[in-house]
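Numbering (the numbering used here), first residue to last: 728 to 1183.
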């Protein structure tokens, strides 16, 4: 009996224990659920925000994809149009066999220049955006405004202010004898658009008429190549190559120097030929390796002068040590030398030519295809104040100079001093207009044309 009672009490305890466990678990479960429910509102808000962020990112990706697709489509369409225009232009240029043989008789229309007043020539200057305006919109160029501002300052304004005699700028194209194309390549080696588009833009000018007869293009560039094709337009440029230059038709000008030392040496003690002979350097050069010719010249000079002798200095960036290169001032070297080496640079011509002449040095021109401007002045003889050597003759320069008579050297220095004003005027491209006008007047008067430039 006692055992049964004890067993019943034990089972009752077990049941109560189980009930307690179940109740405890139930309470724990209810507590956990309550906790999750308490955290449910912030989690939902976080999920909503994350979902919004994902949607924004997806929309951004879709927009960028659409924009890139449209840009690619526009580029393909634009390229197709350009290729079509270039093919049409190339076919027309191929039909012009006389392009590179133009002269003032074969490629100029004098009927446009018949005016009541023979002493005044009407000139029409295209507006800046003449040609394909959509090309300029599609090709933004940092140099565009700078180039056209330079053209306004150096070409348009002097002509409008009648600083060039015998010229009147007209707004009526039907009265014009000459048509001036603004901009293009008028800032060193920079153009107002991609060079491949220049022929297409010229072709689109309203009065171009296929080949640009009676048009004038200004090109302040030292590149030896031409960007315009075989056209009837007169090109006034600073760095023509002999193979592309049309004598008596194009006008060759000079690259202006980046430094002008005229006032320095003319106001110093070195004002006479005698003082000139006292300059300590026979020959000098300091510059960059802008053409392989300069590296060859450096090795030729160094073979004769190792290290640099007292009267010969050849400093070439990348070959001369930085310490020696920067220790020698460029202007001081020019003012201390009698003969200045003027090797070709990126183009056939170099800015160094006028820099050397402004310092009173006798220039030594080195390069093939040089076109030396005379500005239709038969009295301007480059042989009287300079020497020119072919690229294959560089090893002959120093022995030749050391064998010159001092009397000849003094005379050539005097000629450099006398010719400087003429050459300095030739660095202004607008001075090409009077040369063209004089050719027109000579033709109308029945005079024969002088070959305006010489090449070697």
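Cβ atoms here follow ideal geometry from the backbone N, Cα and C, with glycine treated the same way.
- Taking a contact to require three or more Cβ pairs closer than 8 Å, the region 1006-1021 and the region 1039-1059 qualify as touching.
- Of the candidates 901, 899, 900 and 911, the residue whose Cα lies closest to the Cα of residue 882 is 911.
- Around the beta carbon of residue 1110, fewer than 16 other beta carbons sit within 10 angstroms, so the residue counts as exposed.
- If you check the CB distance, residue 975 and residue 831 come in under 8 Å.
- For residue 1038 and residue 884, the gap between their C-alpha atoms comes out near 47 Å.
- Cα atoms of residue 796 and residue 945: separation of roughly 39 Å, rounded to the nearest angstrom.
- In the structure shown, residue 1044 adopts extended strand secondary structure according to DSSP, grouped into three states.
- Residue 932 and residue 908 do touch by the CB rule: their CB atoms are close to 7 Å apart, below 8 Å.
- Considering only 1121, 898, 924 and 1144, the residue with the shortest C-alpha distance to residue 1029 is 1121.
- Judged by beta-carbon spacing, residue 1136 lies beyond the 8 Å limit of residue 1114, meaning their Cβ atoms are not closer than that value.
- In this structure, residue 1058 and residue 986 form a Cβ contact; the two beta carbons are roughly 6 Å apart against a cut-off of 8 Å.
- Counting the other Cβ atoms within 10 Å of the Cβ of residue 927 gives 16 or more, which makes it buried.
- Annotated three-state conformation of residue 1145 is helix, per DSSP.
- In this structure, the CA atom of residue 1117 is about 12 Å from the CA atom of residue 1024.
- Across the set 1154, 781, 1075 and 1006, the C-alpha of 1006 shows the shortest separation from the C-alpha of residue 1061.
- Under the DSSP definition of a beta bridge, residue 1067 partners with 1011 and 1090.
- Considering only 1100, 1138 and 1124, the residue with the shortest C-alpha distance to residue 1156 is 1100.
- The criterion of a C-beta distance shorter than 8 Å is satisfied by residue 966 and residue 948.
- Residue 854 and residue 1139 have their C-alpha atoms roughly 45 Å apart.
- Scanning the region 866-890 for uninterrupted alpha helix (DSSP H) segments of 4 residues or longer gives 870-878 and 884-887, listed from N- to C-terminal end.
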